[in-house]
Amino acid sequence: MNGPVCESIAQIVNACIRAAKRVCPEKPIAVGRTSGGDCYSNNFGFSRNVIKGLTEPYDYFGMDCYTYQMRYLSAENMPNIGSPNRDYQGVFERARAVTAELGKGQLPFVSEYGFAIDNRLAPDDPLQQEESARMTSAMLTAKLLGSPFFSWFNTYGCVESGVFDYGMWHEQTPMLLIPAMAQATQVVEGVHQPAARLGTSSANLKLGLFGQKDRAVLALWTDRTPNPVRLQLPADVVGLDFLGNPAELPADGQLTASLLPTYIVLEGETAFEQLKETLETAEDQSFLLKTALRLEAGNQATIVIDNPESSLSGNLKCDLRIGDAPNSAFTHADGQPMPWEIPVVLPEGPAQQLSVTTIDNSGQQETILFTLNFNTLAHGRNHIVSFGDARQDIVPPDPWIQWSGKDDLGGEVFLTCDQETITIEAVVTDDRHCHNRDITELWEGDCFQFAFVPAVRLAPREMNPGYAPGDSEFVFALTASNGPTWQTYAKPYPAEPEYTIVRDEETHTTTYRIILQRKLLGLDKPGQFFRFCCVVFDDDEGGGQSYYYQLSPGVTVTKTPSQFPIFRLP
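Spelled out as structure tokens, the structure:
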């Protein structure tokens, strides 16, 4: 992410800017990213270090298309890892923060937004709809946020190492993405006036208005789930689906936005003004009550029902079903404080299912199904995972990554529990140990990184980035300059942990052993639930991390602890 490569690229860019200005001094300069430069990061690390070396002025910043939260479209269809996502809004905001910090607030633009799709899938496959939703959402959002350029690519017929297909055809039929992108392009090109109700980057309902010459298009789509919305539609509007086919609009304006956009088109000189009023008065009619399950200790849990719009409730009902047991009914009287907490006793054993139906005072209801999967630890040493036996253990999945097998990167991870401590042990096989970074960048070499989340809360569709105040994240490394070293990135650990990091060049193994106090981690209750995730990084040549193994997503990209596996203390 930094070092001589970034310094050299900065020198090249400076020379290119000077040459371009000599030829066309009036033309704006766009500083683009280099391919693969910042994959699987969320802070534009590579681009940041190139920009730090720039002495010549520039006008635009090329956004790294890979700087997003990783999503796995299908566990059975690994080539769909790494597809573009619907996180464009958050990526754009982070890019603006980079130019505000290191430049003059230059506008970001999409210099490359390509991805791998599996062209063995038919056009009506659900994954094709997911791909179309991601790309159209990114394109619409980019225009609404003011991105000056949006470059997208997909190469036909290229198979790399039998893993990725960069193609847009299924036999002789074009992928669903082609007409979807063509329709989105018609909406975003030639726009003179945009307006939006995007909300925060995590908001579900998205609305955007695109004003063209004597024509305006209102687009509705969502980030996660279908969302009811009521619109005051002017006369003579026409509805189109995400492919541009005619779509009937209900007379009462009651629509349901979904991942794939619906387009509302109005012609005429006042089209933009009329649809802008529709945009401003749109009623989000999603179910307001939010239901979560908080795991306590042992077999205790709490259902938490909240209303973000009000601190007091109306008359509420909750029907609870756990496994095959009979339903239990609960009521919450009008005017009682929110959130509403309902204690629950979980049956013994993992993989339990809880069905929670919440009914508000208008009769609207929502059913949430919680599936509880966790691993119960025993006193003593617990084997957590072995890795490195298959290529899919290694991230990134890009076939150009030169991972050659378990001797290149593999190993085992253990957790040992007693009454006072948790011992984390990783035995890592690696043909070469490299760590040339200082303590501020321990993750940029061979190292072991892990995190503990002592409070477990399950909520549907919740993927809020960032750690809570009680969460802890650590990285341990055997560095060339400082020897065994550690750092924490979330809650400060208030003591020096007892740890050893031993490299055996004869067996090519590095053994990490860290002893942490349970009380200092917030894990002091018997039977307490917690989340844990670990990552082993491999630096092949001393230039920074090359690839890694992760127990689950959530540490290496945007910090999303809700993706960590759940464990229970003995």
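Residue 104 in the numbering used here is what sits at position 7 of the sequence shown, and the numbering runs on without skipping anything.
In this text, a Cβ means the ideal position worked out from N, Cα and C, and glycines have one as well.
Item: Have a look at GLY200, THR282, ARG191 and flag the residue whose alpha-carbon is nearest the alpha-carbon of SER234.; Value: THR282
Item: I need the straight-line Cα distance from CYS113 to CYS121, nearest angstrom please.; Value: 12 Å
Item: Going along the chain, which residues of its own chain have a beta-carbon closer than 6 Å to the beta-carbon of GLY432, five neighbours each way excluded?; Value: LEU409
Item: Which class does TRP500 belong to by DSSP, given the choice of helix, strand or coil?; Value: coil
Item: Count the other C-beta atoms from every protein chain shown that fall within 10 angstroms of the C-beta of ARG615, then say buried if there are 16 or more, exposed otherwise.; Value: buried
Item: Quick check: does the Cβ of GLU104 come within less than 6 Å of any heavy atom belonging to the ligand GDP?; Value: In the structure shown, the ligand GDP is absent, as is every other ligand, since no ligand is present at all.
Item: Give the DSSP-derived three-state secondary structure of ASN533 in the structure shown.; Value: coil
Item: Tell me which residues share the same chain as ARG610 and place their Cβ nearer than 6 Å to its Cβ, disregarding the 5 neighbours each side in the sequence.; Value: GLU522, THR597
Item: What did DSSP end up calling PHE369 once you bin it into helix, strand or coil?; Value: helix
Item: As an exercise, report each continuous alpha helix (DSSP H) stretch of at least 4 residues that is fully enclosed by the segment 455–485, in chain order.; Value: none
Item: What would DSSP say about GLY134, mapped onto helix, strand or coil?; Value: Here GLY134 scores only 43 on pLDDT, less than 50, and its place in the model is too uncertain to base an answer on.
Item: Runs of 3 residues minimum, wholly inside the segment 406–462: which ones carry the beta strand (DSSP E) assignment?; Value: 413–419, 425–429, 437–442, 449–456
Item: For the candidate residues LEU204, PHE143, THR359, whose alpha-carbon lies nearest to that of TYR157?; Value: LEU204
Item: In its own chain, which residues sit with a C-beta less than 8 Å from the C-beta of ALA172, not counting the 5 before and 5 after it?; Value: Low local confidence applies: a pLDDT of 39 at ALA172 is under 50, so the model's placement there is unreliable, with the coordinate-based value given in what follows. Excluding residues within five positions, none has a Cβ falling inside 8 Å.
Item: Starting from LYS303, follow the beta strand (DSSP E) in both directions and report where the run begins and ends.; Value: 302–309
Item: Per the contact definition of three or more C-beta pairs closer than 8 Å, is the segment 340–356 in contact with the segment 396–408?; Value: no
Item: To the nearest whole angstrom, what separates the beta carbons of LEU242 and PHE189, a pair I think is in contact under 8 Å?; Value: 5 Å
Item: Does the distance from the C-beta atom of VAL510 to that of ILE491 stay below 7 Å?; Value: no
Item: Does the segment 348–356 come close enough to the segment 316–336 that 3 or more CB-CB pairs lie under 8 Å?; Value: yes
Item: Candidates LEU666, GLU364, PHE141, GLY296: which alpha carbon is nearest LEU695's?; Value: There is simply no residue 695 to check, as the chain begins at 98 and stops at 667 in what is shown.
Item: Is the beta carbon of LEU617 closer than 7 Å to that of PHE549?; Value: no
Item: When you compare the segment 420–440 with the segment 653–664, are there three or more beta-carbon pairs, one atom per stretch, that lie closer than 8 Å?; Value: no
Item: Spatial neighbours of GLY133 within its chain, please: C-beta separation below 7 Å, excluding the five flanking residues on both sides.; Value: Because the pLDDT of GLY133 is 44, which lies under 50, any placement of that residue in the model is unreliable, and the number read from its coordinates should be weighed accordingly. Cβ neighbours of GLY133 beyond the five flanking positions: none.
Item: Once the 5 residues before and after LYS149 are set aside, which same chain residues still bring their CB inside 7 Å of it?; Value: LEU199
Item: What are the start and end residues of the beta strand (DSSP E) that includes GLN614?; Value: 606–614
Item: Between THR518, ARG119, SER208, which lies nearest to VAL128 when the distance is taken from Cα to Cα?; Value: SER208
Item: Can you give the beta carbon distance from GLY542 to GLN642, rounded, assuming they're within the 8 Å contact cut?; Value: 7 Å
Item: Based on Cα-Cα distance, which residue from PRO591, PHE629, GLY507, ARG529 lies nearest to THR520?; Value: PHE629
Item: If contacts are defined as beta-carbon pairs under 8 Å, then LEU317 and PRO291 qualify, I think. What distance do you get, rounded to the angstrom?; Value: Contact flag wrong, Cβ pair sits at about 15 Å.
Item: Have a look at HIS289, LYS303, SER298, LEU328 and flag the residue whose alpha-carbon is nearest the alpha-carbon of ALA313.; Value: HIS289
Item: Does the Cβ of PRO434 have 16 or more other Cβ atoms within 10 Å, making it buried, or fewer, making it exposed?; Value: exposed
Item: Would you say ASP403 and PRO436 are within 7 Å of each other, going by their C-beta atoms?; Value: yes
Item: So, at 8 Å on beta carbons, what are the nonlocal neighbours of ALA368 in its own chain, with the 5 sequence-adjacent residues on each side left out?; Value: GLY308, ASP311, ARG312, ALA313
Item: PRO581 bridges to which residues according to DSSP?; Value: LEU575
Item: Is the CB-CB distance between ILE633 and PHE545 below 7 Å?; Value: Sequence inspection shows Val at residue 633; the Ile mentioned does not correspond to that position. Their beta carbons are under 7 Å apart, which means VAL633 touches PHE545 by this criterion.
Item: Using DSSP with H/G/I as helix, E/B as strand and the rest coil, what is CYS121?; Value: coil
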